[in-house]
Amino acid sequence: MQVFLTLLRRELGSHFFSLTGYVIIATVLLLLGFSFMDMLSKVNATPTDAPFTEVFYVTLYFWMILLLTTPVITMRTFAQEKFTGTFETLMTTPVSDLQVVLSKFAGSLLFYLLTWLPLVGYMFALQQLTSSPSTALDPRAVLTTYFGILLVGGLYISLGCFASALTRSQLIAAAVSYGVGLTLFLLSLRSLVPVPPEGWQAKVFTHISMTEHMQDFARGVVDTRPVVYYTSLTLFFIFLTWKVVESRRWK
Amino acid sequence: MIDVRNLTKRYAGTTAVSDVSFHVARGEIVGLLGPNGAGKSTILRILSCFMPATSGTVRVAGHDVFYAADEVRRRIGYMPENNPLHLDMRVREYLKFRARLKGLNIRQSRERVDIVLQQCGLTEVTRRIIGQLSKGFRQRVGLADALVHEPELIILDEPTIGLDPNQLRSVRQLIKELGKKYTILLSTHILPEVEATCSSVLILHQGKILASDSAENLQKNIFRNVPVVAEIAAPAQVLKDAWSDLPEVQHLDITALDGDFHRCSLTPRDGTDLRPMIYAEAIRNGWILRELTRGRHTLEDIFVRVTRNEKEEEQ
Chain A
1319 MQVFLTLLRR ELGSHFFSLT GYVIIATVLL LLGFSFMDML SKVNATPTDA
1369 PFTEVFYVTL YFWMILLLTT PVITMRTFAQ EKFTGTFETL MTTPVSDLQV
1419 VLSKFAGSLL FYLLTWLPLV GYMFALQQLT SSPSTALDPR AVLTTYFGIL
1469 LVGGLYISLG CFASALTRSQ LIAAAVSYGV GLTLFLLSLR SLVPVPPEGW
1519 QAKVFTHISM TEHMQDFARG VVDTRPVVYY TSLTLFFIFL TWKVVESRRW
1569 K
Chain B
629 MIDVRNLTKR YAGTTAVSDV SFHVARGEIV GLLGPNGAGK STILRILSCF
679 MPATSGTVRV AGHDVFYAAD EVRRRIGYMP ENNPLHLDMR VREYLKFRAR
729 LKGLNIRQSR ERVDIVLQQC GLTEVTRRII GQLSKGFRQR VGLADALVHE
779 PELIILDEPT IGLDPNQLRS VRQLIKELGK KYTILLSTHI LPEVEATCSS
829 VLILHQGKIL ASDSAENLQK NIFRNVPVVA EIAAPAQVLK DAWSDLPEVQ
879 HLDITALDGD FHRCSLTPRD GTDLRPMIYA EAIRNGWILR ELTRGRHTLE
929 DIFVRVTRNE KEEEQ
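Quick mapping for you: the protein sequence lines, in order, are chains A and B.
Just add 1318 to wherever you are in the first sequence, counting from 1, and you've got the numbering used here.
Just add 628 to wherever you are in the second sequence, counting from 1, and you've got the numbering used here.
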């Protein structure tokens, strides 16, 4: 546990030591700012019954932030250490491979969640500005939205860690996680997937549609199906990362 | 301390280390000497449990590096080639981080970090960012990291590469100092380094151990027929007669220098040290002796010699 916490602290700290961390924070702030203006104009134009969280969600900024930042956050985790050689000093201390993988995953996920914090402020600011009782901010909806952000973020962060563990080059790591991440996202857009609207294919695609899952979370609905879907996929990618790190010691 | 038996490491297509066996006793400073690509780093990486051997057994302090890797890692301090460090951290912060990783609790890590900062002469730079330090200081940080958890064995891969002569001397001094307390295994391709720091030497070439001996014996055995050069003011014929009378001289060569001086290059028979005899001869005849040196062998000579011996044995 001591080792895990030490590594986690280092992992989280490294995001703040580097310029990349601040660029990511600035980008997320900028996108959230755009989304705030967007939300404001939407609420002003047509008064709506939907909770703010859903108003935010349908602006698509959520997906931009997810797809843009997670590969950049995770690309360095393993690739940089392998490139500079610190991976060797790390792996020759009495730490287990799993501790290293989990701390890198947790550190990146925590940093990702931190960049999302300003959203709460925007929600409350919006409530103050509009102050119509029908669109009152539901704290539970905010919580479920963050739960969704955590779940989907977890999947993308674990995917990014896996891509980073495969290579010494941060560029390749980022490119791989962009590619796979974007594919996952595009698969969830029903209009882009050429399957019949009825039948088992349609069911499968509804099941893996992230846009629909997130819409539920933004409305305050927590369905166990997406929860299982995201946690199992996240665990799967963490497992793969673990095996990639371990493979160095296979005979 | 280290027990390596029939160690072989194959990478795809090439054999980096083939059938190497050696033993290092507690308290020794052992140098692993060899040209680039001889397999030094590979051996050290296997010893530090970074990667597994293809075959053979390697035990450190009685623990197998493959089956009891954690036990071994706890007992070694390893500084890899080029000394990779987290350049964005401060010196004390980095050492504390490493100490905690190696299982020291908060109090122990604080104490040990203070001690190694002192030991490695880093007290003035504790708050500096590692990326801004000179290479000599970085090397010291790497050494401090290697010994922060009081390991039984310190493994250093090319610890003095890329240092300027002053830094070189101080890092070597530091290693020697540490050798009084710890067992040290270091790799290098520089011969004087081994002579300056190590008590015994393993010579590695193309993945095989060619010679292993104490630094002194190695000097004696491999340097046995190195010519001694003396610059003496005396007539050439007299010198020639005097040296020819010495039964220990196998071959002699005299060239005229400025003034009365002649440069005599004498090759000994059977590795005798000719220098005292030359000195005595000069005193007896009242010659002026202004230089008396024994030639040095470069690493290449040693390799040529050792590999030649091996070929002869094969024949």
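A virtual CB, placed ideally from N, CA and C, is assigned to each residue, including glycine.
On a predicted model such as this, the values are computed, not experimentally measured, just so you know.
Interface flag, residue i vs chain B, CB-CB below 8 Å
i, result
"A:S1332", "yes"
"A:G1403", "yes"
"A:S1487", "no"
"A:V1321", "yes"
"A:R1458", "no"
"A:S1476", "no"
"A:T1324", "yes"
"A:R1537", "no"
"A:R1570", "Residue 1570 of chain A lies beyond the range of chain A shown here (1319 to 1569); nothing can be said about it."
"A:R1328", "yes"
Any C-beta of chain A under 8 Å from that of residue i
i, result
"B:M629", "no"
"B:P793", "no"
"B:D898", "no"
"B:P779", "no"
"B:P787", "no"
"B:L635", "no"
"B:R702", "yes"
"B:P712", "yes"
"B:Y810", "no"
"B:D716", "yes"
"B:Y639", "no"
"B:D949", "With chain B covering 629 to 943 only, the question about residue 949 of chain B has no answer from this structure."
"B:Y706", "yes"
Closer than 7 Å: residue i CB and nearest the ligand ZN heavy atom
i, result
"A:Q1533", "Although the ligand ZN was asked about, the structure shown includes no ligands whatsoever."
Contact under 8 Å by Cβ, residue i with residue j
i, j, result
"A:V1341", "A:T1559", "no"
"B:L902", "B:V877", "yes"
"A:G1573", "A:M1393", "Residue 1573 of chain A lies beyond the range of chain A shown here (1319 to 1569); nothing can be said about it."
"B:A774", "B:Y706", "yes"
"B:V822", "B:V776", "no"
"A:L1468", "A:L1431", "yes"
"B:R922", "B:V829", "no"
"B:L781", "B:A689", "yes"
"B:I906", "B:V856", "yes"
"A:P1436", "A:L1350", "yes"
"B:I831", "B:G641", "no"
"A:F1535", "A:G1439", "no"
"B:E859", "B:R891", "yes"
"B:T682", "B:R633", "no"
"B:L672", "B:S798", "no"
"A:V1563", "A:A1443", "no"
"B:L791", "B:G759", "no"
"A:F1370", "A:M1319", "no"
"B:K637", "B:I674", "yes"
"B:S840", "B:S827", "no"
"B:V658", "B:G835", "no"
"B:V652", "B:I630", "yes"
"A:F1480", "A:F1555", "yes"
* Asked: Would the region 691-706 of chain B and the region 1406-1423 of chain A be scored as touching if the rule is three or more Cβ pairs under 8 Å?
  -> Proximity of the region 691-706 of chain B to the region 1406-1423 of chain A meets the contact definition, three or more beta-carbon pairs being nearer than 8 Å.
* Asked: Are three or more beta carbon pairs between the region 672-682 of chain B and the region 752-763 of chain B nearer than 8 Å?
  -> The answer is no - the region 752-763 of chain B does not touch the region 672-682 of chain B, with fewer than three Cβ pairs under 8 Å.
* Mind listing which residues of the region 670-694 of chain B have their C-beta closer than 7 Å to chain A's C-betas, in chain order? -> The region 670-694 of chain B vs chain A, Cβ under 7 Å: S676, C677, F678, M679 and P680.
* Fully enclosed by the region 825-876 of chain B, which alpha helix (DSSP H) runs are 4 residues long or longer? -> 843-850 and 864-873, all fully within the region 825-876 of chain B.
* Asked: Which runs of the beta strand (DSSP E), 3 residues or longer, sit entirely within the region 649-683 of chain B?
  -> DSSP runs (the beta strand (DSSP E)) wholly in the region 649-683 of chain B: 657-661.
* Residues in the region 718-747 of chain B with C-beta within 8 Å of chain A's C-beta atoms, listed in sequence order? -> Hits within the stretch, in order: F725, R726, R728, L729, K730, G731 and N733.
* Got a sec: which bits of the region 1381-1415 of chain A sit with their beta carbon under 9 Å from any beta carbon on chain B, in order along the chain? -> Answer in chain order: E1399, T1402, G1403, T1404, F1405, E1406, T1407, L1408, M1409, T1410, T1411, P1412, V1413 and S1414.
* Asked: Looking at C-beta atoms only, is the number of pairs between the region 1324-1344 of chain A and the region 1491-1508 of chain A that lie closer than 8 Å three or more?
  -> The region 1324-1344 of chain A, when compared against the region 1491-1508 of chain A, does not touch it at the 8 Å Cβ threshold.
* Asked: Unbroken alpha helix (DSSP H) runs of length 4 or more, entirely within the region 1419-1455 of chain A: which are they?
  -> Runs of the alpha helix (DSSP H) inside the region 1419-1455 of chain A: 1436-1448.
* **contact_flag[the region 683-693 of chain B, the region 855-863 of chain B] where n(CB pairs < 8 Å) is 3 or more** => With a cut-off of 8 Å, the region 855-863 of chain B and the region 683-693 of chain B do not count as touching, because too few Cβ pairs lie within range.
* Asked: Got a sec: which bits of the region 1418-1437 of chain A sit with their beta carbon under 7 Å from any beta carbon on chain B, in order along the chain?
  -> Answer in chain order: no residues at all.
* **Three-pair Cβ contact test at 8 Å for the region 655-672 of chain B versus the region 778-794 of chain B** => When Cβ pairs closer than 8 Å are counted between the two stretches, the region 655-672 of chain B is seen to touch the region 778-794 of chain B, the count reaching three or more.
* Of the residues that make up the region 1333-1346 of chain A, which ones have a beta carbon closer than 7 Å to any beta carbon in chain B? -> Taking 7 Å as the upper bound on Cβ-Cβ separation, chain B lies near residues F1335 and S1336 of the region 1333-1346 of chain A.
* To do: Inspect the CB distances between the region 1542-1550 of chain A and the region 657-666 of chain B and report whether three or more fall short of 8 Å.
  => Flag = no, the region 1542-1550 of chain A and the region 657-666 of chain B do not touch.
* Asked: Do three or more CB pairs link the region 1321-1330 of chain A to the region 728-740 of chain B at distances below 8 Å?
  -> Touching, yes.
* To do: Tell me, please, whether the region 1397-1405 of chain A touches the region 1357-1374 of chain A by the rule of three or more beta-carbon pairs shorter than 8 Å.
  => Too few Cβ pairs lie closer than 8 Å, so no.
* Jot down the residue ranges of each uninterrupted alpha helix (DSSP H) in the region 1337-1416 of chain A, minimum 4 residues, whole runs only, in chain order. => Annotation: the region 1337-1416 of chain A contains the following complete segments of the alpha helix (DSSP H) (minimum length 4 residues), in chain order: 1337-1363, 1370-1375, 1379-1392, 1394-1402 and 1404-1409.
* Pair every Cβ in the region 1378-1389 of chain A with every Cβ in the region 1516-1523 of chain A, then say whether three or more of these pairs are closer than 8 Å. => The region 1378-1389 of chain A vs the region 1516-1523 of chain A: no contact.
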